[in-house]
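Engineer: Number 738 in the working numbering belongs to position 181 of the sequence shown; there are no gaps in the numbering. C-beta: ideal position from N, C-alpha, C; glycine also.
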Amino acid sequence: MIQKYHTCKMENKFEDYHIPVLYSETLETLVLNPDGVYVDCTLGGGGHSEGILKKLSEKGVLISIDQDDAAIEYAKKRLEGYKNWKVFKSNFENLEKVIYMAGYDKVDGILMDIGVSSNQLDDPERGFSYRYEARLDMRMNNSSGISAYEIVNTYDEGSISKILFEYGEERFARKISRIICQTRSEKPIETTGDLVTIIKRAYPGRSEKHPAKKTFQALRIEVNKELEVLENAINKSIDLLKVGGRLSVITFHSLEDRIVKTMFKNFSTGCICPPRLPICICNHKPTIRLITKKPITPSKEELEINNRSRSSKLRVVEKV
Ligand SMILES: C[S@@+](CC[C@H](N)C(=O)[O-])C[C@H]1O[C@@H](n2cnc3c(N)ncnc32)[C@H](O)[C@@H]1O
């Protein structure tokens, strides 16, 4: 039975960076062995990492990963007192290398709390939000890769439209990308504000949600290769778990959740032969079992305190 408890902004001075979502639900379904080795792939402000460390004995170890220097610097202050904590700056797509460098080969649990932290979103200089004027950037690791500026100013019209449609499910993808290309032929699109103006021109009338929401989501996913990274990391995680070890993934939008749901279904299925075959010839064996048949979502109490948790979904599997 999961206790419906979550941390509260007032209780923890470190939660000005990011309030961890589905906090107790995550800890209770993930950390089953206090002496075990756990990996938090998305350290952020260190809320979940701290919760895991609190559940571990002195023999247990937590390895935390983030690709953002600011997150690592912040969490180091928060977690400096824990001797059994190791932190690595990396993309969690490389989690097998990080685990190896930390001195382990298999682990008892892996957590991925996908997406951006509140701090990243609210930092006007990072360019993640359509609410603040900033140079178009959106890189979680701001020392590598291409930024939103390059995508908007150099990708061809068809590619921009595809990104907005596939990663943002944006109905006006074609129109927005057409106006982007017209505008940049006169001068580069420099800032979040420039892009919001373009999107508003493409949107007919008033919309319930901010018209830039989907475009910004789509660009962020493309900049950080979020969906490919998620898929690769789930594949690797299942190999890296000990039998009985758990993988917990928290997602924030339907594209991510669809990937997690489908991959978990495939890995937890036995025979995948066509039903017309009288006997199994595939020898496909399940490698995991589903702990959450349906995703866990935030309680009413959590939603009251943290509105940003509203679209979060937690899915948990166990290695068999
Ligand atoms: C939603 S926040 C995590 C919040 C964290 N659970 C907490 O309690 O504060 C996501 C964090 O994961 C990091 N992140 C996202 N994708 C990543 C990736 N592919 N590799 C490494 N870090 C990543 C982001 O930089 C961000 O700090």
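1. Indicate the three-state DSSP secondary structure (helix, strand or coil) for Glu875 in the structure shown.
2. Please report the distance separating the alpha-carbon of Asp626 from that of Leu600.
3. State the start and end residues of the unbroken alpha helix (DSSP H) segment that holds Ile795.
4. Apart from the five residues just before and just after Ala628, which ones in its own chain have a Cβ nearer than 6 Å to its Cβ?
5. Within a Cβ cutoff of 6 Å, which residues of the same chain sit near Asp814, ignoring the five residues on either side of it in sequence?
6. Give me, in chain order, the residues of the same chain whose beta-carbon lies closer than 7 Å to that of Glu714; leave out the 5 immediate sequence neighbours on both sides.
7. By DSSP's criteria, Thr808 is part of a beta bridge. Which residues make up the other side?
8. Just the Cα atoms here: how many angstroms apart are Ile845 and Met695?
9. Taking the beta carbon of Tyr657 as the centre, do at least 16 other beta carbons fall within 10 Å, making it buried, or is it exposed?
10. Starting from the C-beta of Lys616, find all residues in its chain whose C-beta is less than 7 Å away, skip the five residues before and the five after it, and write them out in chain order.
11. Out of curiosity, what's the CA-to-CA distance linking Thr772 and Val655?
12. Counting only runs that start and end within the stretch 566–639, where is the beta strand (DSSP E) found for 3 or more residues in a row?
13. With a threshold of 8 Å between beta-carbons, can Lys643 be considered close to chain B, or not?
14. Just to confirm, does Asn648 get its C-beta within under 7 Å of one of the non-hydrogen atoms of ligand 3?
15. Excluding the 5 residues preceding and the 5 following Glu779 in the sequence, name in chain order all residues of the same chain whose CB lies nearer than 7 Å to its CB.
16. Measuring CB atoms only, is the stretch 815–823 touching the stretch 787–796, in the sense that at least three cross pairs come out at less than 8 Å?
17. With respect to 7 Å, is the separation between the Cβ of Asn781 and the closest non-hydrogen atom of ligand 1 below this value?
18. Apart from the five residues on each side of it in sequence, which residues of its chain come closer than 6 Å, Cβ to Cβ, to Gln560?
19. Fully enclosed by the stretch 703–788, which alpha helix (DSSP H) runs are 4 residues long or longer?
20. Given the structure, does Gln774 come close to ligand 1, in the sense that its CB is under 7 Å from one of the ligand's heavy atoms?
21. Buried or exposed, going by whether 16 or more other CB atoms sit within 10 Å of the CB of His563?
22. Nearest-angstrom Cα distance between Asp670 and Pro835?
23. When you measure from the CB of Ser614 to every non-hydrogen atom of ligand 1, does any distance come out below 7 Å?
24. So what does DSSP say about Phe685, is it helix, strand or coil?
25. To test your reading of the DSSP string, which unbroken alpha helix (DSSP H) runs of 4 or more residues are found completely within the stretch 799–849?
26. Could you give the first and the last residue of the continuous alpha helix (DSSP H) run that contains Val655?
Structural biologist: The structure says:
1. In the structure shown, the three-state DSSP call for Glu875 is strand.
2. Computed Cα separation, rounded: 11 Å.
3. Glu783 to Leu797 is the extent of the alpha helix (DSSP H) around Ile795.
4. The residues are Leu600 and Gly601.
5. Answer for Asp814: Thr808 and Lys870, listed in chain order.
6. So the list reads Ser734, Arg735 and Cys738, once near-sequence residues are dropped.
7. According to DSSP, which records beta bridges pairwise, Thr808 is partnered with Lys870.
8. Using only the alpha carbons, I get a separation of about 34 Å.
9. Exposed.
10. Close CB contacts of Lys616 within its chain, under the 7 Å cut and outside five residues either way in sequence, are with Asp592 (chain order).
11. Their Cα atoms are separated by approximately 33 Å.
12. Counting only runs that start and end inside the stretch 566–639, the beta strand (DSSP E) elements of at least 3 residues fall at 594–597 and 618–623.
13. Here there is only one protein chain, and chain B is not present.
14. For the structure depicted, ligand 3 is absent and the ligand set comprises only ligand 1.
15. Here the set comprises Ile708, Ile720 and Tyr724.
16. With a cut-off of 8 Å on Cβ pairs, the stretch 815–823 is in contact with the stretch 787–796, counting three or more such pairs.
17. True, at least one ligand heavy atom lies under 7 Å from that Cβ.
18. Because the pLDDT at Gln560 is just 41, under 50, the model does not fix this residue reliably, and the point stays unresolved.
19. Counting only runs of 4 or more, we get 705–711, 714–725, 730–741, 749–759 and 770–781.
20. No; taking the cut-off as 7 Å, the Cβ of Gln774 has no heavy atom of ligand 1 nearer than that.
21. Because the pLDDT of His563 is 41, which lies under 50, any placement of that residue in the model is unreliable, and the question is left without a value.
22. Taking the straight line from one Cα to the other gives about 42 Å.
23. Checking the Cβ of Ser614 against ligand 1 gives no.
24. Coil at Phe685, not helix or strand.
25. Complete alpha helix (DSSP H) runs here, min 4: 811–824.
26. Val655: member of the alpha helix (DSSP H) spanning Leu652 to Met658, first to last residue.
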